[in-house]
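So the sequences go chain by chain: Y and G. The first sequence lines up with residues 2 to 115 when you count with my numbering. The second sequence lines up with residues 7 to 117 when you count with my numbering.
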Amino acid sequence: AQSVTQPDIHITVSEGASLELRCNYSYGATPYLFWYVQSPGQGLQLLLKYFSGDTLVQGIKGFEAEFKRSQSSFNLRKPSVHWSDAAEYFCAVDRGSTLGRLYFGRGTQLTVWP
Amino acid sequence: DGGITQSPKYLFRKEGQNVTLSCEQNLNHDAMYWYRQDPGQGLRLIYYSQIVNDFQKGDIAEGYSVSREKKESFPLTVTSAQKNPTAFYLCASGTLNTEAFFGQGTRLTVV
């Protein structure tokens, strides 16, 4: 069963527009939550993470994400997208049962129009 | 520089051959992981190790083998039993209550 859902396979936005990438998970307890970004042929870079505390977390490159327990969601946002943000974005969950064992969504490919 | 080094970046395998992908980290992390990435499927866990001389199967371990003789190293062998090995392989490391750090990946192609 899919544990992490990213419902949007591909999103296209214009440069300067706002962005929201969706992520839902299906665990009962609050897991550790992550967003990673991947450029073609590269490894994954961490954008931000949520372990506990403030449900709005800030990351690198101007990204933020909000954890909503009631919706089991951890959506990624950026107020103004830059052309260099074009990449694939992965949401990941660590259920905490095994050190660092991550479950990934299938990814959202972001295209940015100039 | 601290980080994770995967080698080679590109690897070609003939049918019936075993190949080994290298992963080395100098982050002093206890845990190391191997993921396989296929288009549209996200990352799937092959094997992971939380301590030297111990490792566990992930979700898609069939046709793969690993060893963890040193804290810094976690090589992955793709055996001839893996029927569809062409993929992008990512190694990662981590420790308690931190994120996983990823290498730059190895692209394996069967020729």
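Using N, Cα and C, we set each Cβ at its ideal position, and we do this for glycine too. Treat the numbers as computed from the prediction; the structure is a model and nothing was measured.
Residue burial is scored here from C-beta neighbours: G/Ser99 has at least 16 other C-beta atoms within 10 angstroms and is therefore classed as buried. Taking 9 Å as the Cβ-Cβ cut-off, the region 8 to 35 of chain Y approaches chain G at Ile10, Tyr33, Phe35, given in chain order. For the C-beta of Y/Leu103, the chain G residues within less than 7 Å are, from N- to C-terminus, Ala106.
Straight through space, the alpha carbons of G/Ser73 and G/Thr112 are spaced by roughly 18 Å. Counting only runs that start and end inside the region 32 to 56 of chain Y, the beta strand (DSSP E) elements of at least 3 residues fall at 33 to 39, 45 to 51. By the criterion of at least three beta-carbon pairs nearer than 8 Å, the region 29 to 37 of chain Y is not in contact with the region 7 to 26 of chain G. Per the Cβ contact rule, the region 17 to 27 of chain Y is in contact with the region 71 to 83 of chain Y (3 or more Cβ pairs under 8 Å).
Contact between the region 36 to 47 of chain Y and the region 5 to 21 of chain Y is absent: fewer than 3 CB-CB pairs across the two stretches fall below 8 Å.
Against chain G, a Cβ distance below 8 Å from Y/Gln43 picks out Gln110, Gly111.
By the Cβ-count criterion, G/Glu75 is exposed, with fewer than 16 other Cβ atoms from all chains shown falling within 10 Å of its own Cβ. Per DSSP, the beta bridge partners of Y/Ile12 are Y/Leu111. Taking one beta carbon from each stretch, the region 38 to 46 of chain G and the region 79 to 98 of chain G have 3 or more pairs nearer than 8 Å; the two touch. Around the CB of G/Gly46, fewer than 16 other CB atoms lie within 10 Å, so the residue is classed as exposed. Residue pairing from DSSP places G/Thr112 in a beta bridge opposite G/Tyr95.
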